[in-house]
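Everything on this sheet refers to the single structure shown next.
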Amino acid sequence: MDPGTPAGGSIALSAQDAIFLRLKFSGGADGYTISKLIITRGGVAADADLADVKLWDGTTQLDSTQALDTNTHKATFSGMAFEVPAGETKVVKVTASIAASGTATVGDSAKLILKVASDITATKTIGGTFPISSNSMTIAGISVGDLDVAKQTPPATTTLLSGSVDQAIGGWKFTASTTEGFDVHKIVVTHVGSATANDVSNIKIKYLGEQIGSTVATLDSQNRAIFDLSADPLYIKAGSSKIVKAYADVASGIWTSRTVIFEITQYLDVTAYGANSGGATTVKTTVNSTTFQTYAKQTGNTMTIGQGTLTINIDSALNPATQNYVKGTEDRLFSAFKFTTGSREGVRIAKLRFKINNGSGGASDVSNVTLWDGLTQVAGPVGVVGNYATFGAQTPGWDSSGLFDVPASSNKTIQVKANIPTGAGTSATLDFDIAAVGDIWADGLDSQYDIPSGSITLTSGNANLHTVIANGTLSLALSAQTPSAQTYVIGAESKEFTRINLTAGSGEDIIVSGITLTINNNISNSDANATSGAKLINIKLLKSDDTQYGLTSATPIATASFNESLIIPASETITLRAFATVPTTSYPSPDTNVKINAVADVTATGVGSGATITPTGTVTGNTLTISSGTLTVAAAATPGDQTRIIGDTMVPFSGLVLTAGTAEDVRVTRVMLRTSSSGSIQPGDVSNIALYDGDTKLTASENLTTSSDSITASGFTHHSVEFIASDFLNSQGIDITKGQQKTITVKGDLPSTAIAAHLGSFGVSTTDDINTTGLFSNTDITETFTAGPASATGINYESAASPAAANIYEVTLSAAGTLATAAAADNPVTKIRAVGGEDSLLSNVEVLKVNFTASLEDIDIKQIIVERVLTASGLNPTVGTAIGESSDANVVSITLWDGLTQLGSAQTLSNASTTFNLPAANYWRIEKSTTKTLTVKANLSGVATNNGFGSKPGDAPTFKLHGIDVEGKSSGSNTLSVDGTADANPALIERGGNIQYLRKSKPTLTAASLDSTVLTTGEKVLFRWNVAADSGGAIGWKRVVFNITGTLAGNIIGATSTMLSGTGVSNTARNGVYTVTSGSGIGVTRSINQFKVWDVTENQQVTATTTDASGYNISTNNVGAIIRVDSDGSAGTNVIFVANTEQQVAAGASKTYELRGTILTSPSSGDSVLARIADLSVAGEATTTDYYHARLIRTAGAASATNGYVPGDTSLIDPYASTTGSFIWTDRSAPHLADSNTHSQNTTDWTNDYKVDGLPTATLSLSR
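Anchor point for the sequence shown: position 50 equals 50 in the numbering used here, and the numbering is continuous, going up by one each time.
Have a look at this one:
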């Protein structure tokens, strides 16, 4: 028994070809042939359990299928001829198929046995240890799963290149059912295409690119490739699939179209064993996308064996346009063809024919035809025979050499050139075309066989016609890059004047042996040649490589001639550039140009024809002006009018903008500056005057002079200061590059002798006050002035006295700077400050912010006075809100800050004031032209008990900046102007902050999201909100007012004028939220009632009050709240809820509440009900007992207490009905300094909603 015999186990009903036993036969020294084997069933089983028995040599069945003899329980195989060669070992596999359910008995255990030696008939006696028995296989009550085999794409239908290897030829998907996985032991693929068995070889199968099984070298006699995978089966997991692809090599030399088609023909071509059932399965297939159907052959896509492809067309980029070719010229380009290969293989061009096809010329008009690949000659020269030029040779099959190769998926352009003999006919027209596909012979580089004509495409083969002429042509033109009209300065050396294009026609190369240039001058007056003197000198012509054409013409007068042999290749252009030097004397005035005046000025000869060529065209360069440089002077816009402090240094008075023209660099060697003023400026007002380029000093410092250089006009003396070359620090002057500009600033100091309120500046009166020289021409330049600013007569200079001199930019002298203060944009607003209890304080509370802006000089703040405002009547109007009571006990200490830097030390209030005296080393400096913000911070006292020290609930301190002591850094003045008031020390500035309400704790209200926003009838949550208490202590609340707006049934929630009129309102008019349909007093509908407030945190309803402040009953009338319409009837309705008992929120904690109400009116599409808690109070109120309970007070004449009041009865007074008091709350600080009673709804620690954080809340809505 072979060791590979399966171990005992379970096997499924209907399992096919289940392996029971493996018999190993050794050939010994001589070998033998077995002709008969008898296999016996054993075990606890019946013969009917096994449907058949088979013998196998690998995947090849031995003899026919046998059934068990029900008498002997044997299966006899007598038609065998199984050879066991000498020295080899062969294995015979014994399989059995299990009968279906109903025939086989579940639980039976069968064996297959080779019982005795006599059960083997062979050409020699076979020894062994008998019986040889399989292990028991128990029939299980399960069925074999299914395996689906279906053809796949890819590989798609394509062409297989003859000679290619490892080509994909078919693909199949193997899919296991969810019942069990399978081991695939055998796959057979059969070739059914027109290709012969020898056309494909080395067939293999792969999964995920990796080969499985062995390579089948050739197809068998039935065109099959059988893959035995039993040694390493392909496993298909249950419920999954794998795609197997077949590959093969394709024979070379196939040039006829043949098809390669592989298929898995029948279910027997796949052997697969179930991983659970242990048996083989009959494979199935997919039909119309449905898997596991009765198997039908699965034929792969059709592959066609062929060669590569070749496409030929005119290369439009390199193919020459129609040309004229001169007799006697060589290698003239006639045509260019692009050879393009397909992706399958490269191509070898073995032979080509080009035809003189369409012109009037013939074989005698051309000679020495050649083929070129770029600069490389690949074939020729050949002659023309019968109008054809033929290159290469071709033999059937593979040509080991050719004209040129073109790799796969690429292209190559071949140019056709030829000579034009001297005997060619003038005016003959010629072309070289590829006239037909038959003029092309090519082989595939991989298939190594002729490319059939059907695989060659000639897209375009007709080239352009070219004409034979007697001689070439030459044209002259001005180059587009010739210098534009511009100015050259006197003495400019080697300046370019003209660019000349020399263009040879296509006929032949041209030799230019002489060129004469004409010099024109004074063109603006008359277009005449120079007649005397060297107007331009050292004229020369340069080629593109900067080598010279001919010799330099040193001193020409009217013309300059140049001689040299310069070849202009056919169809090309060579550009010559004319350069010349402008002499310092006898130069053209004012303008000139250089040109080729006539065709006779160029001598030219054809290279091939030897003929004299008369050029066409003339060349005239642009007009160039001969001049010296220029300088434009203008006033700079900065510095403009300004005020500066006496004592300032390097004060910028004015700016001069110096702009050089494009002709040459210039140098300013002298500047005379004169004073102008719309008032008065004297020599003692300014000193140390100098010129600057930015921050770079250019001259020595000078003072104003009263000498004869000063000018007196209209009663005003224009004092002067002059800078000559020796005054410049570089001893030369100011250089300005041509085409550039430079701004020069006049700066000076303001000495102590200067007089406040004097004003003036410096400028240039006329061009006589500036000297300028051209650095190249070395000539004096007369400046051009752009007078200004405005109507000034010079450059920042006015010859007249005040008021005309107001046109100029001036500096006004001031004795000291100024300081301006203003409330900062982020000055702390009125807020409730939760200061905690008696032992607490609220630290670093910003109570005031003031901006300080210094002008003209840095200003030091030496002293700052801060005050607590005593009463509203004593408050400066700059404080925006009224105040309540406050005391020094509200404040533990005060500090001053510049950003994060503290100024001085913390100080306490004394009699509502404190003065900060800053040490000299730490004065608070406000830099010139900057703004700094002073922040006043306070440490606020907690709310004291009735016997303690600190704040009272509701105290409302306000702070102001009362005064400051200042000093100018430059001026040293301590009486400078502050907020427009001078000579005050200290200066009273009265910049105040806003009220800060002090409470032990405070609430924060926020709207919370609704669980549902859908508007329907019935009870709905209309609003949900959170009440959070500060960590300083618990808070309580008693009353909340909800504003309800929106529409129901298309009608607006609100009130009519009658409902707003007061007396006489119906007792039922306020028993809910109403909508108004029409008119005044009519058409109102109660739409929402039965309001409730719910404590969501505690999950309980908050009970509403049923009594007023005096204890009288209030009828809820099934409403649950007090209803008041807003004073604006269209602004909705206020629902006033007063809790029966105070609602408390612990310190640092939060509670969530809901307002619920019953929607009575069915909503229409587009309706919505909106709710929020408004911010109704406009000011805080004194903390008296009367103010902070329910605020429902019975008035005289009201109904008796026993009858009660309905909501809406006008005798029920509610001071907070519409416009005030949306949230009544307490910080629970009683007993405190002003109230010794234990906290209750009657103590003075209650207040309204003014400045409560979070009010108004966000609006929540229900909508449909």
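Don't be surprised by glycine CBs; every beta carbon is placed ideally from N, CA and C.
Here the structure is a predicted model, which is why all the values come from computation and not from measurement.
**Request:** Look up L13 in the DSSP assignment and say whether it is helix, strand or coil.
**Result:** strand
**Request:** For the beta strand (DSSP E) holding K495, just list the boundary residues, first then last.
**Result:** 495 to 504
**Asked** Between the segment 457 to 476 and the segment 609 to 622, do three or more beta carbon pairs fall short of 8 Å?
**Response** yes
**Message:** Please identify the residue among F354, T426, V347 whose C-alpha is closest to the C-alpha of D365.
**Reply:** T426
**Request:** Just list the beta strand (DSSP E) runs in the segment 359 to 410, keeping only unbroken ones of 3 residues or longer that don't cross its boundaries, in chain order.
**Result:** 367 to 373, 376 to 382, 388 to 392, 404 to 406
**Asked** According to DSSP, which residues form a beta bridge with G8?
**Response** Bridge partners of G8: none, in fact.
**Prompt:** Which value, in whole angstroms, describes the spacing of the CA atoms of N876 and P957?
**Reply:** For N876, the predicted structure reports a pLDDT of 34, less than 50, and the residue's modelled location is therefore unreliable. A value from the coordinates is still provided. Between N876 and P957, the C-alpha separation is close to 14 Å.
**Prompt:** On the three-state DSSP scale, how would you describe A915?
**Reply:** In the sequence under discussion, the amino acid at residue 915 is Thr, which differs from the Ala named in the question. T915 falls in the strand class under three-state DSSP.
**Cβ neighbour criterion (16 or more within 10 Å) applied to P1163** = buried
**Asked** When you compare only the Cα positions, how much space is there between L631 and T779?
**Response** 12 Å
**Request:** Quick one: residues in its chain with C-beta nearer than 6 Å to the C-beta of S460, no 5 flanking neighbours on either side, listed in chain order?
**Result:** N313, I314
**Prompt:** Is the beta carbon of V1169 sitting closer than 8 Å to the one on G1046?
**Reply:** yes
**Request:** Assign Y1250 to one of three DSSP states: helix, strand, or coil.
**Result:** coil
**Request:** Return the residue from the list S221, I212, A246 that minimises the CA-CA distance to A231.
**Result:** I212
**Message:** Would the segment 663 to 680 count as touching the segment 760 to 771 if we require 3 or more Cβ pairs under 8 Å?
**Reply:** yes
**Request:** Give me the Cα-Cα distance between G79 and W56, rounded to the nearest whole angstrom.
**Result:** 13 Å
**Request:** Determine the direct distance from the alpha carbon of N1134 to that of E1142, and round the result to whole angstroms.
**Result:** 21 Å
**Prompt:** Do you know how far the Cα of D693 is from the Cα of N730?
**Reply:** 13 Å
**Prompt:** Is it true that the CB of N357 sits closer than 8 Å to the CB of A442?
**Reply:** no
**Asked** Using the C-alpha atoms, what's the distance from V1145 back to F1223?
**Response** 14 Å
**Item:** Neighbourhood of F292 by C-beta distance below 6 Å, restricted to the same chain and skipping five residues each side
**Value:** D146, D148, K284
**D979, DSSP secondary structure in three states** = coil
**Prompt:** Among the residues of its own chain, which have a CB less than 7 Å from the CB of A275, if the five just before and after it don't count?
**Reply:** E180, G181, F182, D183
**Prompt:** Taking the Cβ atom as the reference point for each residue, do V200 and V250 lie within a distance shorter than 8 Å?
**Reply:** yes
**Prompt:** Mapping DSSP to helix, strand and coil, what is A81?
**Reply:** coil
**Request:** Mark L1098 as exposed unless 16 or more other C-beta atoms lie within 10 angstroms of its C-beta, in which case mark it buried.
**Result:** Position check: residue 1098 holds Glu in this sequence, whereas Leu was assumed. E1098 comes out exposed.
**Request:** Buried or exposed for W1246, please, with buried defined as at least 16 other CB atoms from any protein chain shown within 10 angstroms of its CB.
**Result:** buried
**Message:** Rounded to the nearest angstrom, what separates V1265 and F391 at their Cα positions?
**Reply:** As shown, the chain starts at 1 and ends at 1264. That puts residue 1265 outside it, with no answer to give.
**Prompt:** Where does D148 fall in DSSP's three states?
**Reply:** strand
**Prompt:** Would a C-beta distance cut-off of 8 Å place T675 and G794 closer than the cut-off?
**Reply:** no
**Request:** Flag this pair as yes or no: are the beta carbons of I1044 and A1171 separated by less than 8 Å?
**Result:** yes
**Message:** Bridge partners for L55 per DSSP, in chain order?
**Reply:** L62, V94
**Message:** If distances are taken between C-alpha atoms only, which option among Q642, K297, A140, T457 comes closest to A12?
**Reply:** A140
**Item:** Sequence-distant residues of the same chain with beta carbon closer than 6 Å to A944, five excluded per side
**Value:** E838, G950, L1233
**Message:** Taking 8 Å as the cut-off, does the segment 17 to 28 touch the segment 79 to 94 (at least 3 CB pairs, one atom from each stretch)?
**Reply:** yes
**Asked** beta strand (DSSP E) containing T271: first to last residue?
**Response** 270 to 274
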